[in-house]
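Student: Each residue of the sequence shown is one higher than the last, beginning at 1 in the UniProt record's numbering.
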Amino acid sequence: MSTNDNIDGQLYIDGKWRNSASGSRSDVVDPSTGRVIGTVAEADRTDVDDAVTAARAAFTGAEWGGRSGRERARILLRIADLVRENADELVRLESLDVGKPVTLCRSVDVSTTIEQYEYCAALAQTIDGATRRTPLPAFAYTRRDPLGVVAAITPFNFPLILSTSKIAPALAAGNVIVHKPAEETPLSALFMATLFERAGVPAGVVNVVTGSGPVVGAALLEHPGVDKIAFTGSTEIGRRAASAAGAALKPVTMELGGNAAQIVFADADVDKAIGAIIKGFVFNTGQFCMGGPRLLVARPLYETVVGILAEAVAGVRVGDPRDPATVVGPMAAQRHVAKVEEYVALARREGGRVVCGGERLDLDGGYYYQPTVIADLADDSRVVQEEIFGPVLTVQAFDTEDEAIALANGTRYGLASGLHTTDLARAHRVADKLQAGIVWVNDWAMLDPAMPFGGVKDSGFGREYGPEALASYTKVKSVVIALD
Ligand code: NAP
1 MSTNDNIDGQ LYIDGKWRNS ASGSRSDVVD PSTGRVIGTV AEADRTDVDD
51 AVTAARAAFT GAEWGGRSGR ERARILLRIA DLVRENADEL VRLESLDVGK
101 PVTLCRSVDV STTIEQYEYC AALAQTIDGA TRRTPLPAFA YTRRDPLGVV
151 AAITPFNFPL ILSTSKIAPA LAAGNVIVHK PAEETPLSAL FMATLFERAG
201 VPAGVVNVVT GSGPVVGAAL LEHPGVDKIA FTGSTEIGRR AASAAGAALK
251 PVTMELGGNA AQIVFADADV DKAIGAIIKG FVFNTGQFCM GGPRLLVARP
301 LYETVVGILA EAVAGVRVGD PRDPATVVGP MAAQRHVAKV EEYVALARRE
351 GGRVVCGGER LDLDGGYYYQ PTVIADLADD SRVVQEEIFG PVLTVQAFDT
401 EDEAIALANG TRYGLASGLH TTDLARAHRV ADKLQAGIVW VNDWAMLDPA
451 MPFGGVKDSG FGREYGPEAL ASYTKVKSVV IALD
């Protein structure tokens, strides 16, 4: 891939860069201007087949899984070092592709990627089995082996982090991968392939196939040569992926949509909570599965919190993602702005009080929307219940702890949840009752490669990060050796 702004991306299959079999290409757009900045190859089933065949050959040839965990760890550490050395270019590409502010790309996307590779390098050396004492006249033990060919399908909002959260543990465990990034945001995946090559990842072990979900994604889901599906994306497409995996009886990890609540109890430190609340819905321009776009406030604090938010959010700096002072950049695509506009219009029709924002921003032709706070909506409003995936916060009042918990748990999603309180007993009591894969107390979006994350209910199943992620890329075999 060329690394100037005249993007010219190819597929990375079996350690080689090539065009798609059909020769088709798709545009790459800079969301901060709406300008086409280049094209990437648009794969189809033939290319997917080639990638899976290359991955299968690499797996069978044991170029990767046959190495010791320590050897794999060395290469994962080399990848981490190369990401560090090439941080400027990765920041530039991710910002250009997704519209993320460069400050965010550096402090979150790139740094988390380095941490994940380093963490998974450590995990690669811990893969072992256990001896089991049984009454059998036998020596019995378990071993953990890689699954084989992993299809990694990732969404548009955190391309680098979410591909790493699959590729790093899958590689650590000795698997091989075919990665399909979102068609709108393929650049960091292609650049990472150049780093895999330089780090010494053998040909065929990681393959990157760019193209559309209904073609490339669907072909991967249905491919008999794929052994595991690692999917992150919407609940709607996740259901299709889970159905395909179910029909073929393949293991699958489902990281799906979210619509988390942040609860502010009457005993909360409000000044501290405000920062977390704002981070929870403007971070990544609200295109954040683990965002907290539903704010639940104890009634005595309700108007105070709404007033503070209206002022503070109006001061959040929105603008060019290349400006280091920018906090909120454009949305990743025009269609996302249109979706936010529809939800805000619906909120107005339903009597919601827009206390700040509520409009598209006309800046350089980019896909901008003002951070928006909407008070007074009923709990059954679609604006409250559905995943908007934009910089929009709804605020509702509650009277009792039980009511707050019921409201927080009252959507179909269960990815993240959180509360603000100075009462330690309440923190534990409420965390216990919140239906979510991760609960934050007195802050938001504290994530670490050591802490598993994933969802319950319509937010999916399976966990990324932590030893749990590594385990999900292995299969257990019991070996029983007769002793007589
Ligand atoms: P999406 O539309 O579901 O797409 C996700 C991936 O699936 C993309 O690579 C997409 O390809 C592909 N895809 C689309 N149609 C497909 C099909 N028929 N068969 C196979 N693959 C297909 O999601 P998105 O809009 O990119 O991302 C936003 C969603 O992801 C939100 O719901 C968000 O909450 C969720 N998310 C969840 C997590 C988590 O960890 N739980 C993290 C981030 C995002 P194309 O884009 O190329 O069509």
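For every residue, glycine included, the Cβ atom is placed at its ideal position computed from N, Cα and C.
Looking at C-beta atoms only, is the number of pairs between the region 407-423 and the region 456-465 that lie closer than 8 Å three or more?
Tutor: Touching, yes.
Student: Measuring CB atoms only, is the region 242-249 touching the region 285-294, in the sense that at least three cross pairs come out at less than 8 Å?
Tutor: Flag = no, the region 242-249 and the region 285-294 do not touch.
Student: At the level of alpha carbons, what is the spacing between Ala345 and Val383?
Tutor: Mapped onto the sequence shown, residue 345 falls at position 345. Mapped onto the sequence shown, residue 383 falls at position 383. Distance between the alpha carbons of Ala345 and Val383: 10 Å.
Student: Does the beta-carbon of Thr46, which I'm using as the reference point, lie nearer than 7 Å to any heavy atom of the ligand NAP?
Tutor: Translated into the one-based positions of the sequence shown, residue 46 becomes position 46. Answer for Thr46: no, Cβ out of range of the ligand NAP.
Student: Less than 7 Å between the CB of Lys180 and some heavy atom of the ligand NAP, yes or no?
Tutor: In the sequence shown, the residue the question calls residue 180 occupies position 180. Under cutoff, so the answer is yes.
Student: Bridge partners of Gly38, per DSSP?
Tutor: The residue given as residue 38 occupies position 38 in the sequence shown. Gly38 pairs with Ile7, Val28.
Student: Where does His223 fall in DSSP's three states?
Tutor: Mapped onto the sequence shown, residue 223 falls at position 223. It is coil, neither helix nor strand.
Student: Thinking C-alpha only, which one of Gly174, Tyr117, Leu195 is nearest Glu89?
Tutor: Within the sequence shown, the letter at position 89 stands for residue 89. Ranking Gly174, Tyr117, Leu195 by Cα distance to Glu89 puts Leu195 first.
Student: In the DSSP assignment, the alpha helix (DSSP H) including Tyr141 goes from what residue to what residue?
Tutor: Numbered from 1 along the sequence shown, position 141 holds the residue referred to as residue 141. It is not in any alpha helix (DSSP H) - Tyr141 instead sits in the beta strand (DSSP E) that spans 138-146.
Student: Span of the beta strand (DSSP E) holding Ala294?
Tutor: By 1-based counting over the sequence shown, the position of residue 294 is 294. What sits at residue 294 in the sequence shown is Arg, not Ala. Arg294 -> beta strand (DSSP E) spans 294-298.
Student: Looking at chain D, is there any beta carbon in it that lies within less than 8 Å of the beta carbon of Thr60?
Tutor: In summary, chain D is missing from the structure at hand, where a single protein chain is found.
Student: Within 10 angstroms of the Cβ of Ala230, are there 16 or more other Cβ atoms? Answer buried if so, exposed if not.
Tutor: On the sequence shown, residue 230 is found 230 positions in, with the first residue counted as 1. Result: buried.
Student: May I ask you to check if the CB of Asn284 is nearer than 7 Å to at least one heavy atom of the ligand NAP?
Tutor: Translated into positions along the sequence shown, residue 284 becomes position 284. Because no heavy atom of the ligand NAP lies under 7 Å away, the Cβ of Asn284 does not count as near it: no.
Student: Give every residue of the same chain whose Cβ lies closer than 6 Å to the Cβ of Ala203, excluding the five residues on either side of it in the sequence, and list them in chain order.
Tutor: Position 203 of the sequence shown holds residue 203. Only Asp14, Gly15 meet the Cβ criterion.
Student: Please report the Cβ distance between residue 497 and Ala173, rounded to the nearest whole angstrom; I am assuming they are in contact, meaning their Cβ atoms lie under 8 Å.
Tutor: Since the first and last residues shown for the chain are 1 and 484, residue 497 lies out of range.
Student: Val102 and Pro321: beta carbons closer than 8 Å?
Tutor: Working through the sequence shown from its first residue, we reach residue 102 at position 102. Working through the sequence shown from its first residue, we reach residue 321 at position 321. Result yes, Cβ atoms of Val102 and Pro321 sit closer than 8 Å.
Student: Does DSSP put Glu71 in a helix, in a strand, or in coil?
Tutor: The residue given as residue 71 occupies position 71 in the sequence shown. DSSP places Glu71 in helix when its eight states are reduced to three.
Student: Would you tell me roughly how many angstroms separate the C-alpha atoms of Asn284 and Ser234, rounded to the nearest one?
Tutor: Here residue 284 corresponds to residue number 284 of the sequence shown, with the count starting at 1. Here residue 234 corresponds to residue number 234 of the sequence shown, with the count starting at 1. Taking the straight line from one Cα to the other gives about 17 Å.
Student: What's the gap between the Cα of Thr154 and the Cα of Thr253?
Tutor: Residue 154 sits at position 154 when you count from the first residue of the sequence shown. Residue 253 sits at position 253 when you count from the first residue of the sequence shown. The alpha-carbon atoms of Thr154 and Thr253 are separated by roughly 12 Å.
Student: Using a threshold of 8 Å, state whether the C-beta atoms of Tyr368 and Val327 are closer than that.
Tutor: Working through the sequence shown from its first residue, we reach residue 368 at position 368. Working through the sequence shown from its first residue, we reach residue 327 at position 327. No.
Student: Are Val91 and Ile114 touching if we call contact CB-CB under 8 Å?
Tutor: Here residue 91 corresponds to residue number 91 of the sequence shown, with the count starting at 1. Here residue 114 corresponds to residue number 114 of the sequence shown, with the count starting at 1. Their beta carbons are not under 8 Å apart, which means Val91 does not touch Ile114 by this criterion.
Student: Pull up the distance between the alpha-carbon of Val476 and that of Leu249, whole angstroms please.
Tutor: Numbered from its first residue, the sequence shown carries residue 476 at position 476. Numbered from its first residue, the sequence shown carries residue 249 at position 249. If I take the Cα positions, the gap works out to 16 Å.
Student: Hey, Val355 and Ala378 are a contact pair by Cβ (cut 8 Å); roughly how many whole angstroms apart?
Tutor: As a working note, residue 355 is residue 355 in the sequence shown. As a working note, residue 378 is residue 378 in the sequence shown. The pair is not a contact, with the Cβ atoms about 17 Å apart (cut-off 8 Å).
Student: Say the cut is 7 Å; is the CB of Glu63 nearer than that to a heavy atom of the ligand NAP?
Tutor: To locate residue 63, count along the sequence shown from 1; it is residue 63. Not so, every heavy atom of the ligand NAP lies at least 7 Å from the Cβ.
Student: Heavy atom of the ligand NAP less than 7 Å from the Cβ of Ile237, yes or no?
Tutor: Walking along the sequence shown from the start, residue 237 turns up at place 237. Yes, the ligand NAP has a heavy atom inside 7 Å of this Cβ.
Student: Leaving out five residues before and five after Met331 in sequence, what residues of the same chain have Cβ atoms less than 7 Å from its Cβ?
Tutor: As a first step, residue 331 is located in the sequence shown; it is residue number 331 there, counting from the start. Once the five neighbours on either side are set aside, the close Cβ partners of Met331 are Pro31, Gly99, Thr285, Gln287, Val337, Tyr367, Tyr369, Gly390.
Student: For the candidate residues Arg429, Asp49, Ala140, whose alpha-carbon lies nearest to that of Asn207?
Tutor: Here residue 207 refers to the residue found at position 207 when the sequence shown is read from its first residue. Ranking the options by Cα distance to Asn207, first place goes to Asp49.
Student: Of the residues Ala347, Ala182, Thr232, Asp227, which one's Cα is nearest the Cα of Lys166?
Tutor: Sequence index remark: in the sequence shown, residue 166 carries index 166 (1-based). Out of Ala347, Ala182, Thr232, Asp227, Thr232 has the C-alpha closest to the C-alpha of Lys166.
Student: Check whether the Cβ of Thr232 sits closer than 7 Å to any heavy atom of the ligand NAP, and report yes or no.
Tutor: Along the sequence shown, one-based indexing puts residue 232 at 232. Checking every heavy atom of the ligand NAP against the Cβ of Thr232, one is found closer than 7 Å.
Student: Do the region 17-32 and the region 59-66 meet, that is, are 3 or more Cβ pairs less than 8 Å apart?
Tutor: The region 17-32 vs the region 59-66: no contact.
Student: Where do the N-terminal and C-terminal ends of the alpha helix (DSSP H) with Val313 fall, by residue?
Tutor: Locating residue 313 in the sequence shown gives position 313, counting from the first residue. That run of the alpha helix (DSSP H) goes 302-314.
Student: According to DSSP, is Ile153 part of a helix, a strand, or is it coil?
Tutor: For the purposes of this step, residue 153 is taken as the residue at position 153 of the sequence shown. It is a strand residue.
Student: Would Val178 and Leu220 be called neighbours here (beta carbons separated by less than 8 Å)?
Tutor: As a working mapping, residue 178 is identified with position 178 in the sequence shown. As a working mapping, residue 220 is identified with position 220 in the sequence shown. Cβ atoms of Val178 and Leu220: closer than 8 Å.
Student: Quick check: the Cα distance between Arg18 and Gly257, rounded to an integer number of angstroms?
Tutor: Residue mapping note: residue 18 aligns to position 18 of the sequence shown, counting from 1. Residue mapping note: residue 257 aligns to position 257 of the sequence shown, counting from 1. Straight-line Cα distance between these residues: approximately 34 Å.
Student: Gln385 by DSSP, collapsed to three states: which one?
Tutor: Stepping through the sequence shown from its first residue, residue 385 is reached at position 385. Here Gln385 sits in helix by DSSP.
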